[in-house]
Amino acid sequence: MSDTTTPARQWRETWMNGSEAAESRLFEELVMRMRDVQLRNQAQVSDGRKLRTLHAEILAGVDDAIFEVADDVPPDLRQHHFQPGARLRCTVRLSNASGIPHGGRKPDMRGAALRLHLPDGNVHELLLTNYPVSHARDAVQSVQFASIMSGARSLLLPRLLFTFGPAEMLRILRNLKSATGATRRLADESFWSRGALLWGDAGPVRLKLHPAVPPVSGMHAPPDLSSDFAQTLLQGDVLYQLSAQRYVDDVMTPIEDGCTGWDESTVPFVKIATLTLSTRDLRSPAAMATAQAVDATPFNPWNAPDAFRPLGNLNRIRRTVYDASAARWTATPPH
Ligand code: HEM
């Protein structure tokens, strides 16, 4: 892939296996392996519900959150619809990350899927999870790991060891232990894009969505995160802040390596916008119908204007994997 020059910096994406064609062939194989993961997960659910391959369980869904761009968003990040004071309607789906619903009975990560409704009728989707870096270094590791985790429990460790070798296995297990070790209240969670995405002429960024008001430390999460979130929203608005880190260079801010963080102490986050979920009763019939409709909405980080396309191999594979997954759980497959 050739260098892309931005006013400020140079950055590049690199094809896996050396060329676009070779990467496409590799991804075709990986997409089939993710299909097998989905089918194996599906076989474990007795009620026959069709499920997303990952993030199968919704915790909350609203379709009228307000995304308001900060008045002081830095000039270089004022790209396209991200202009100071702009207000966009936003659909939000908060989820458990597992491919099998478990009602909070298992350690898990959480996800936040945002669909920004743009003035021109298009959408811009941002998907984030509640840990800054991916357990998987690249797309191959990601699919290998998902595949092992959907297999027999008794073979997990030998398979992880055989596939990744001792050093990578330990790194992955440590990442997962940190990522799933603490259960926080949903309104207290922070979410990261983990991978980079393009931000118009500003070049690549990574994103973080975090509570606008820092959570009270020591607050224990109740087992039912969904009901707790409903209770929180009954009592007042829930506000998050969206912040971005800018690309510096391939060492400090790698694009193809998903397991390496962009160090906040040297690459600070800057505020882009506030996301407000207004006070309501999520248990009312109307709110529950909305959540059901949100749950039936397939999200894909590639549902974005070209100027904001996701970057890096972990993101490139998501384009097909998400569509293939959604084609098996939605009544109307995505186009
Ligand atoms: C690297 C950063 C990633 C983040 C932040 C992320 C986040 C998310 C989130 C929030 C969802 C739930 C979307 C919804 O609510 O509908 C999701 C779903 C999903 N993710 Fe990821 N993900 C990442 C990487 C990957 C990778 C590398 C793969 C596979 C190779 C993958 C496979 C999937 C699949 C199959 C779904 C279900 C899609 C559907 O059926 O609609 N994700 N992800």
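Sequential numbering from 0 applies to the sequence shown in numbering that gives the first Met the number 0. In this text, a Cβ means the ideal position worked out from N, Cα and C, and glycines have one as well.
DSSP bridge partner residues for residue i (one or two, in chain order)
i      : result
Val204 : Leu196, Arg245
Glu67  : Arg86, Thr273
Leu125 : Leu113
Pro309 : Leu196
Val61  : Val91
Phe190 : Leu208
Gln43  : None, per the DSSP bridge assignment.
Trp328 : According to DSSP, which records beta bridges pairwise, Trp328 is partnered with nothing at all.
Glu56  : Asn95
CB contact flag (residue i, residue j, <8 angstroms)
i      : j      : result
Ala59  : Leu281 : yes
Glu22  : Leu310 : no
Asp107 : Thr179 : yes
Val68  : Gln82  : yes
Lys105 : Trp328 : no
Asp236 : Leu185 : no
Arg279 : Ala286 : yes
Trp191 : Pro284 : no
Leu224 : Ala138 : no
Met33  : Ser324 : yes
Ala112 : Val36  : no
Ala303 : Gln78  : no
Pro214 : Asp187 : yes
Gly84  : Asp70  : yes
Whole-number beta carbon distance between residue j and residue i, since they are thought to touch under 8 angstroms
i      : j      : result
Asp62  : Thr289 : 5 angstroms
Arg136 : Cys258 : 5 angstroms
Arg408 : Thr128 : With the chain covering 0 to 334 only, the question about residue 408 has no answer from this structure.
Leu25  : His80  : Incorrect: roughly 34 angstroms between the Cβ atoms, too far for contact.
Tyr246 : Trp10  : 5 angstroms
Phe66  : Leu238 : So it is not a contact: roughly 11 angstroms between Cβ atoms.
Ser189 : His209 : 4 angstroms
Cys89  : Arg109 : Incorrect: roughly 17 angstroms between the Cβ atoms, too far for contact.
Ser149 : Asn40  : 6 angstroms
Phe163 : Ile171 : 6 angstroms
Gln240 : Ala211 : 5 angstroms
Original post:
Do the segment 203 to 223 and the segment 167 to 180 make contact, defined as three or more Cβ pairs closer than 8 angstroms?
Top reply: By the criterion of at least three beta-carbon pairs nearer than 8 angstroms, the segment 203 to 223 is not in contact with the segment 167 to 180.
Original post:
Counting pairs of beta carbons, one from the segment 302 to 317 and one from the segment 263 to 275, are three or more of them closer than 8 angstroms?
Top reply: no
Original post:
Would you say the segment 46 to 57 touches the segment 83 to 98, given that touching needs at least three Cβ pairs under 8 angstroms?
Top reply: yes
Subject >> Secondary structure, beta strand (DSSP E): runs of 3+ residues fully inside the segment 79 to 115 >> reply: 86 to 95
Original post:
Can you list the alpha helix (DSSP H) stretches of 4 or more residues lying completely in the segment 211 to 268, in chain order?
Top reply: 224 to 234
Original post:
Within the chosen definition, does the segment 110 to 128 reach the segment 298 to 306 through at least 3 CB pairs nearer than 8 angstroms?
Top reply: yes
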